[in-house]
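Q:
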Amino acid sequence: MDPIRIDRMSDEAPVQWAVSELQKYLARATSRRVEVASGATGAGPAIRVGTFEAFSEGVPARASDHPYDDEIFIEAGPGGAVIAGANPRSVVLAAYRYLTELGCRWVRPGADGEYIPRIDDPFATCVAVHERPSYRHRGICIEGAVSLEHVCDMVDWLPKVGMGAYFIQFREAYQFFVRWYHHEFNPLQPKEAFTIEDARAYTRRIAEEIEKRGMILHMVGHGWTCDPFGVAGLGWFPYTDPVPESYYQHVAEVNGKRDLWGGIPLNTNLCYGNPETRRIVVQAVADYAAEHPEVDIIHLWLADGSNNQCECPLCRDHLPSDLYVKLCNEVDAELTARGLPTKIVFLIYVDLLWPPREEKLANPDRFILMFAPITRTYSSSFTAGATGEGTIPPFERNKLKFPRTPEGNLAFLRGWQKSFDGDSFDFDYHLMWDHFRDPGAWALARVLHEDIRGLRSIGLNGFISCQEQRTFLPSGLLMAVMARTLWNRDASFDEIANDHFRAAFGADWEKAKEYTQRLSELFDPPFLRGERDEAGRKDAAAKLAQVPALVTEFMPVIDRNLNLAVQCHAQSWRYLKDHAEICLRMAPAAEALARGDKEQARVLARRLLDVVRHLEPQVHPVFDVALFIRTIGGALGLTAEEMAR
1464 MDPIRIDRMS DEAPVQWAVS ELQKYLARAT SRRVEVASGA TGAGPAIRVG TFEAFSEGVP
1524 ARASDHPYDD EIFIEAGPGG AVIAGANPRS VVLAAYRYLT ELGCRWVRPG ADGEYIPRID
1584 DPFATCVAVH ERPSYRHRGI CIEGAVSLEH VCDMVDWLPK VGMGAYFIQF REAYQFFVRW
1644 YHHEFNPLQP KEAFTIEDAR AYTRRIAEEI EKRGMILHMV GHGWTCDPFG VAGLGWFPYT
1704 DPVPESYYQH VAEVNGKRDL WGGIPLNTNL CYGNPETRRI VVQAVADYAA EHPEVDIIHL
1764 WLADGSNNQC ECPLCRDHLP SDLYVKLCNE VDAELTARGL PTKIVFLIYV DLLWPPREEK
1824 LANPDRFILM FAPITRTYSS SFTAGATGEG TIPPFERNKL KFPRTPEGNL AFLRGWQKSF
1884 DGDSFDFDYH LMWDHFRDPG AWALARVLHE DIRGLRSIGL NGFISCQEQR TFLPSGLLMA
1944 VMARTLWNRD ASFDEIANDH FRAAFGADWE KAKEYTQRLS ELFDPPFLRG ERDEAGRKDA
2004 AAKLAQVPAL VTEFMPVIDR NLNLAVQCHA QSWRYLKDHA EICLRMAPAA EALARGDKEQ
2064 ARVLARRLLD VVRHLEPQVH PVFDVALFIR TIGGALGLTA EEMAR
């Protein structure tokens, strides 16, 4: 058969990436040669790929000139195809969307998550798509325990499902890499050598992969309260190196003492009322922006933790948010003076939930508001669950209590929105800890769907998920819901779920769907969140007691699908079998806890941890064992020492 021709209409690196991906997947799907030329060449049907500007006709003008706004245009049929985007990143998104319209699916990162159907003639399928996503910000933030390969696989996967941004926390993400390479909580895996220089090299490599695809790169966040002062903020662990004496004059005074908060620099706030303290931070942010032009967005965060704000005379009469806004304005002034366009994310989080009274951002266009409701519940939708207006309680320095309800959280957001109506997104934690508390994933997936659908109604323009990178066990339902709903907030939950399970599991997909739905019901996620009263705990125990029978009865269905011809389908069932082993150990431990037998729960929890440690070599691409142990081991009553054995 004649080769398929792709005409690359422009030369930007992401456009070249889009063309190479089209070439790769179309060759696999059709078993035909796919040739690439630069510019329109020859007669006959061809696939023309480029930005809107690269086409002289037949392609719309872009609807928005904002650099982070995506828009795709696809028109394909017997006469050929046009695949275009409003910017180079959008061209990549358009290429994957065209392949999706042809039947391709990416159900999880990695080669075994690709479902590529047989396509005799791509031009036989008529495609007409002209879309802008519902939300500007659609991204993932690095968390958990990760290898370089885990992160690169996630970065590679994100644009395939319409996501456009990635956030690397810290300057070098050392905390997340060292958890993996030192195999935190799994002594069965040998500890590997790993250095800060390794982390820096890996971070550079990941940034290159992000740039190759034209994705929006977010960086840093944590560390500005210590790194500029010569104290490394590499992670949430005690600092053992010598602390420069000069640092202590800049740290927060709490209870009459200036010291590292809990011995951890990242958790130590500064004396933000001190102009010299702010000047040092301002210069550090501006220097970083100048040295890293590849970074689109810098996150400027204060210390982690809460109720640790400075009580000295320079600070105590000001809200933390007022001093924070003053710092942000000084950063903006320095960036402007240096001619640096870098955007700055400012954070609404714990002590900073209370909106400013005295200060206001002078240049709103520089800033992006990030709302991080870390203390919320995931048993109900954040955006659809509010039943009232909610009120902001009085600010009591270092004696604050934080909201769990939707109403309580939204009251703080509205307070900030009164003085800032610029760009914004939700920074949320559905897949940080909570997915482990819902082993079937369905209850959490519905909350996630409703949360994202409602972001526009509360004035937020997207979502960055702070999460483990390996969240695809027992399926990729949560990630499919996130990606699809961020692109189209009106997408039906059932449509997304059915499409995902069909692509992931093949002929018996409905059985896998029903089984995981039932698991979600029986594990009773609100109980695992500690939200049930005594009667609710009894009900939870009764449900958890049914899990072993459900798993055992379903095992023949799993076994008969383990060797399917389609690798993607077979691997999904193999992962489901591994997941079943985890459920068979986790349910009895949780049941014992629900019955009030804490000692039996701890005994059974240790057996559960043994199982997941032994499974790690085969499940690590889709399941973060270290964070599972930290989350569920802790919920079942184990100490840190027991979890580390």
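When we follow the numbering used here, the leftmost residue of the sequence shown carries the number 1464, and every step to the right adds one. Glycine included, C-beta positions come from ideal geometry on N, C-alpha and C.
Within the continuous alpha helix (DSSP H) that includes ARG2037, where are the two ends?
A: The residue labelled residue 2037 in the question sits at position 574 within the sequence shown. Counting along the chain, the alpha helix (DSSP H) containing ARG2037 begins and ends at 2030–2057.
Q: Are there 16 or more other CB atoms within 10 angstroms of the CB of PHE1700, so buried, or fewer, so exposed?
A: Position 237 of the sequence shown holds residue 1700. Its Cβ having fewer than 16 others within 10 Å, PHE1700 is exposed.
Q: Under DSSP, the alpha helix (DSSP H) around MET2106 begins and ends at which residues?
A: Taking the sequence shown and counting its residues from 1, the one referred to as residue 2106 is at position 643. Counting along the chain, the alpha helix (DSSP H) containing MET2106 begins and ends at 2103–2107.
Q: Please classify GLN1932 as buried or exposed, where buried requires at least 16 neighbouring CB atoms within 10 angstroms.
A: Numbered from its first residue, the sequence shown carries residue 1932 at position 469. Counting Cβ neighbours within 10 Å, GLN1932 comes out buried, since at least 16 surround it.
Q: Quick check: LEU1832 and PHE1883, are their CB atoms within less than 8 Å of each other?
A: Position 369 of the sequence shown, counting from 1, holds the residue named residue 1832. Position 420 of the sequence shown, counting from 1, holds the residue named residue 1883. Going by C-beta atoms, LEU1832 is nearer than 8 Å to PHE1883.
Q: Assuming contact is defined by CB atoms lying nearer than 8 Å, are LEU1763 and VAL1794 in contact in what I supplied?
A: The sequence position of residue 1763 within the sequence shown is 300, counting from 1. The sequence position of residue 1794 within the sequence shown is 331, counting from 1. In contact: LEU1763 and VAL1794 (Cβ atoms closer than 8 Å).
Q: Report the residue ranges of all beta strand (DSSP E) runs contained in full by the stretch 1859–1894; include only those spanning at least 3 residues, in chain order.
A: Here the runs fully enclosed are 1886–1891.
Q: Helix, strand or coil: how does DSSP classify SER1844 here?
A: Counted from its first residue, the sequence shown places residue 1844 at position 381. The answer is coil: DSSP assigns SER1844 none of H, G, I, E or B.
Q: With which residues is LEU2078 paired in a DSSP beta bridge?
A: Stepping through the sequence shown from its first residue, residue 2078 is reached at position 615. DSSP lists no partner for LEU2078.
Q: By a C-beta neighbour count over all protein chains shown, 10 Å radius and 16 as the cutoff for buried, is LYS1623 buried or exposed?
A: Counting from one through the sequence shown, the residue named residue 1623 turns up at place 160. LYS1623 comes out buried.
Q: For TYR1978, which of helix, strand or coil comes out of DSSP?
A: Against the sequence shown, residue 1978 aligns to sequence position 515. Here TYR1978 sits in helix by DSSP.
Q: Quick check: what's the CA-CA separation for ASP1470 versus PHE1515?
A: Along the sequence shown, one-based indexing puts residue 1470 at 7. Along the sequence shown, one-based indexing puts residue 1515 at 52. Cα-Cα distance, rounded: 14 Å.
Q: Who are the Cβ neighbours of LEU1815 in its own chain at under 8 Å, not counting the five residues just before and after it?
A: Mapped onto the sequence shown, residue 1815 falls at position 352. Hits under 8 Å: LEU1765, PRO1783, SER1784 and TYR1787.
Q: For SER1928, which three-state DSSP category applies?
A: Indexing the sequence shown from 1 puts residue 1928 at position 465. Residue state, collapsed to three classes: strand.
Q: As a quick exercise: from TYR1710, ARG1663 and ILE2092, pick the residue whose alpha carbon is nearest that of VAL1641.
A: Within the sequence shown, the letter at position 178 stands for residue 1641. Among TYR1710, ARG1663 and ILE2092, the Cα nearest to that of VAL1641 is on ARG1663.
Q: If you drop the 5 nearest sequence neighbours on each side, which residues of the same chain put their C-beta closer than 6 Å to that of SER1844?
A: Translated into positions along the sequence shown, residue 1844 becomes position 381. For SER1844, where only same-chain residues beyond five positions count, the Cβ hits under 6 Å are VAL1910, GLU1913 and ASP1914.
Q: Using DSSP with H/G/I as helix, E/B as strand and the rest coil, what is VAL1592?
A: One-based indexing of the sequence shown puts residue 1592 at position 129. Looking at VAL1592 - three-state DSSP - the assignment turns out to be strand.
Q: Judging by CA-CA distance, which residue of ALA2068, ARG1900 and GLU1859 is the nearest neighbour of SER1842?
A: Along the sequence shown, one-based indexing puts residue 1842 at 379. Nearest C-alpha to SER1842: ARG1900.
Q: Can you list, in chain order, the residues of its chain with a C-beta nearer than 7 Å to that of ARG1495? Leave out the 5 residues immediately preceding and following it.
A: The residue you call residue 1495 lines up with position 32 of the sequence shown. Hits under 7 Å: MET1464, PRO1466 and ILE1467.
Q: Could you name the residues that DSSP lists as bridge partners for GLY1684?
A: To locate residue 1684, count along the sequence shown from 1; it is residue 221. The partner list for GLY1684 (beta bridge, DSSP) reads LEU1763.
Q: For HIS1912, which three-state DSSP category applies?
A: Here the question's residue 1912 lines up with position 449 in the sequence shown. Reduced to three states, the DSSP call for HIS1912 is helix.
Q: The beta strand (DSSP E) that contains HIS1600, what's its start and end?
A: For this step, residue 1600 is matched to residue 137 along the sequence shown. Element bounds for HIS1600: 1600–1604.
Q: In terms of DSSP beta bridges, what is TRP1569 paired with?
A: Taking the first residue of the sequence shown as 1, we reach residue 1569 at position 106. Beta-bridge pairing links TRP1569 to GLU1577.
Q: List the whole-angstrom C-beta distance separating LEU1936 from VAL2082, where the pair is believed to meet the contact cut-off of C-beta under 8 Å.
A: Sequence index remark: in the sequence shown, residue 1936 carries index 473 (1-based). Sequence index remark: in the sequence shown, residue 2082 carries index 619 (1-based). Contact flag correct, Cβ pair sits at about 6 Å.
Q: Taking just the CA atoms, how far does ALA1628 sit from LEU1680?
A: Stepping through the sequence shown from its first residue, residue 1680 is reached at position 217. Stepping through the sequence shown from its first residue, residue 1628 is reached at position 165. Taking the straight line joining both Cα atoms gives about 6 Å.
Q: Exposed or buried, what is PRO1705 when buried is set at 16 or more other beta-carbons lying within 10 Å of its beta-carbon?
A: As a first step, residue 1705 is located in the sequence shown; it is residue number 242 there, counting from the start. With fewer than 16 Cβ atoms within 10 Å of its Cβ, PRO1705 is classed as exposed.
Q: DSSP on VAL2085, reduced to helix/strand/coil?
A: Numbered from 1 along the sequence shown, position 622 holds the residue referred to as residue 2085. Looking at VAL2085 - three-state DSSP - the assignment turns out to be coil, as it is neither helix nor strand.
Q: So, with DSSP's three-state summary, where would you put SER1501?
A: In the sequence shown, residue 1501 corresponds to position 38, counting from 1. Three-state result, SER1501: strand.
Q: Give every residue of the same chain whose Cβ lies closer than 8 Å to the Cβ of GLY2100, excluding the five residues on either side of it in the sequence, and list them in chain order.
A: The sequence position of residue 2100 within the sequence shown is 637, counting from 1. Closer than 8 Å at the Cβ level, and outside the excluded window around GLY2100, lie LEU2056, LYS2061, ALA2064, ARG2065 and ALA2068.
Q: Assign ASP1470 to one of three DSSP states: helix, strand, or coil.
A: As a position in the sequence shown, residue 1470 is number 7, starting the count at 1. If DSSP states are grouped into helix, strand and coil, ASP1470 belongs with the strands.
Q: With C-beta atoms as the reference, is ALA1839 less than 8 Å away from ARG1676?
A: As a position in the sequence shown, residue 1839 is number 376, starting the count at 1. As a position in the sequence shown, residue 1676 is number 213, starting the count at 1. For the sequence presented, residue 1839 should be read as Arg rather than Ala. No, Cβ-Cβ distance for ARG1839 and ARG1676 is not below 8 Å.
Q: Tell me, to the nearest whole angstrom, how far the beta carbon of ARG1491 is from that of ILE1605; I am working on the premise that it is less than 8 Å.
A: The sequence position of residue 1491 within the sequence shown is 28, counting from 1. The sequence position of residue 1605 within the sequence shown is 142, counting from 1. That belief does not hold up - the Cβ atoms of ARG1491 and ILE1605 are roughly 30 Å apart, past 8 Å.
Q: Does LYS2001 come out as helix, strand or coil in the three-state DSSP assignment?
A: As a first step, residue 2001 must be located in the sequence shown, where it is residue number 538. Three-state DSSP puts LYS2001 in a helix.
Q: If you draw a straight line from the C-alpha of ASN2024 to the C-alpha of GLY1696, how long is it?
A: Within the sequence shown, the letter at position 561 stands for residue 2024. Within the sequence shown, the letter at position 233 stands for residue 1696. Approximately 47 Å, taken between the alpha carbons.
Q: From the DSSP secondary-structure annotation, give me the bridge partner or partners of MET1833.
A: The residue labelled residue 1833 in the question sits at position 370 within the sequence shown. For MET1833, which the question treats as bridged, DSSP gives the partners LEU1810 and PHE1888.
Q: If we call anything under 8 Å between Cβ atoms a contact, is VAL2010 one with PHE1990?
A: Walking along the sequence shown from the start, residue 2010 turns up at place 547. Walking along the sequence shown from the start, residue 1990 turns up at place 527. Contact flag unset, no.
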